[in-house]
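Numbering (our numbering), first residue to last: 20 to 303. A short write-up of the structure that comes next.
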């Protein structure tokens with residue numbers, strides 16, 4: 020293989036006219052903007068209020084992974100870290116981990132609410148609700164995001180929600196992703212680093228949370244820190260895939276000494292505790 024072939028640029032080398040030949044109308048609908056641009060407004064055209072329209076879902080429907088068997092690959096990997104194992108692409112979703120991080124900001128209104136409250140206990144309640152909401156989108160997501168390249172970045176500006184975010188892959192071995200978000204009005208700063216250590220345990224894959232998440236409420240001179248709960252995807256070998264999050268999350272207000280302890284309850288034998296969270300707040 021020549022150097023020219025090895026570094027062939029698929030974007031600049033694509034002939035847009037030829038790439039659309041032989042595609043049916045149905046395939047255009049399924050693509051929803053992939054390959055050939057067929058949408059009138061894919062988010063790049065501002066609306067009347069000047070704010071760009073942001074997508075609310077991926078451009079294509081996700082296929083079911085329950086029929087995919089990877090036992091032949093994973094049976095030799097029990098107890099190993101999955102970041103060192105080559106996995107079938109069918110278990111990935113078309114997003115990078117840097118994009119997944121931006122989903123922490125889905126419920127930014129909870130941070131804005133915390134900024135507007137006058138009592139520190141009430142602010143802790145709002146911050147705790149935000150900490151839970153930041154992982155809510157994962158409860159139905161069994162697909163693995165793609166690992167970013169070292170130095171890769173992702174930027175997101177949401178004028179409608181009043182924040183901007185940048186994330187970057189800062190280490191490759193081990194894989195560490197860092198992010199920084201801030202309010203457009205200067206009310207808060209949200210930042211942290213994440214090192215998800217994955218392990219395969221026969222019938223499930225467990226993600227051990229590593230890294231600290233920090234939220235600063237600038238108006239109140241308060242700094243909150245916490246870590247994410249454990250995450251586990253079940254029935255990797257056989258059956259319907261399902262996900263649960265469990266473990267203890269401790270949110271600390273370093274300015275007042277107050278603490279919130281959240282217990283993400285494990286599913287249990289009959290599944291009655293699945294996705295349930297309990298917690299309490301300790302004052303100083």
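Note that CB positions come from ideal geometry on N, CA and C, so glycine has one too.
Can you have a look at residue i and say buried or exposed, based on whether 16 or more other CB atoms are within 10 angstroms of its CB?
i, result
"residue 80", "exposed"
"residue 283", "buried"
"residue 155", "exposed"
"residue 163", "buried"
"residue 196", "buried"
"residue 301", "exposed"
"residue 105", "exposed"
"residue 211", "buried"
"residue 186", "buried"
"residue 130", "buried"
"residue 128", "exposed"
"residue 257", "exposed"
"residue 270", "buried"
"residue 288", "exposed"
"residue 135", "exposed"
"residue 107", "exposed"
To the nearest angstrom, report how far apart residue i and residue j are at their CA atoms.
i, j, result
"residue 208", "residue 169", "24 Å"
"residue 290", "residue 262", "11 Å"
"residue 272", "residue 132", "16 Å"
"residue 41", "residue 172", "Here residue 41 scores only 41 on pLDDT, less than 50, and its place in the model should not be relied on; the value that follows carries that caveat. Rounded to whole angstroms, residue 41 to residue 172 spans 35 Å at the Cα level."
"residue 161", "residue 253", "9 Å"
"residue 285", "residue 205", "38 Å"
"residue 295", "residue 148", "13 Å"
"residue 192", "residue 159", "28 Å"
"residue 232", "residue 244", "5 Å"
"residue 176", "residue 229", "26 Å"
"residue 260", "residue 240", "43 Å"
"residue 140", "residue 267", "20 Å"
"residue 292", "residue 73", "34 Å"
"residue 77", "residue 183", "20 Å"
"residue 276", "residue 144", "14 Å"
"residue 110", "residue 189", "24 Å"
"residue 297", "residue 281", "6 Å"
Which of helix, strand or coil does DSSP assign to residue i?
i, result
"residue 220", "coil"
"residue 49", "Confidence at residue 49 is low in this model, with a pLDDT of 41, below 50, so its placement is unreliable and no value can be given for it."
"residue 57", "Its pLDDT being 35, under 50, residue 57 is placed unreliably by the model, and nothing is read from it."
"residue 145", "helix"
"residue 178", "coil"
"residue 199", "strand"
"residue 229", "coil"
"residue 303", "coil"
"residue 204", "coil"
"residue 163", "strand"
"residue 237", "helix"
"residue 190", "strand"
"residue 109", "helix"
"residue 73", "coil"
Are the C-beta atoms of residue i and some chain C residue less than 8 Å apart?
i, result
"residue 118", "You won't find chain C in this structure, because it holds only one protein chain."
*asked:* Tell me whether the segment 216-228 and the segment 120-135 touch, counting them as touching only if at least three CB pairs, one residue from each stretch, are closer than 8 Å.
replied: Because the criterion of three Cβ pairs below 8 Å is not met, the segment 216-228 and the segment 120-135 do not touch.
*asked:* With a threshold of 8 Å, are at least 3 pairs of Cβ atoms found where one atom belongs to the segment 188-203 and the other to the segment 105-124?
replied: The segment 188-203 and the segment 105-124 touch, with no fewer than 3 CB-CB distances between them shorter than 8 Å.
*Is there contact here, the segment 137-157 with the segment 237-252, by at least three beta-carbon pairs under 8 Å?*
In short, these stretches touch, since the Cβ pair count reaches three.
*Please specify which runs of the beta strand (DSSP E), each continuous and at least 3 residues long, are wholly inside the segment 252-299, giving them in chain order.*
Complete beta strand (DSSP E) runs here, min 3: 261-272 and 278-283.
*Please list the segments of the alpha helix (DSSP H) lying wholly inside the segment 111-159, counting only runs of 4 or more residues, in order along the chain.*
If you keep only unbroken alpha helix (DSSP H) runs of at least 4 residues inside the segment 111-159, you get 116-120, 128-135 and 139-152.
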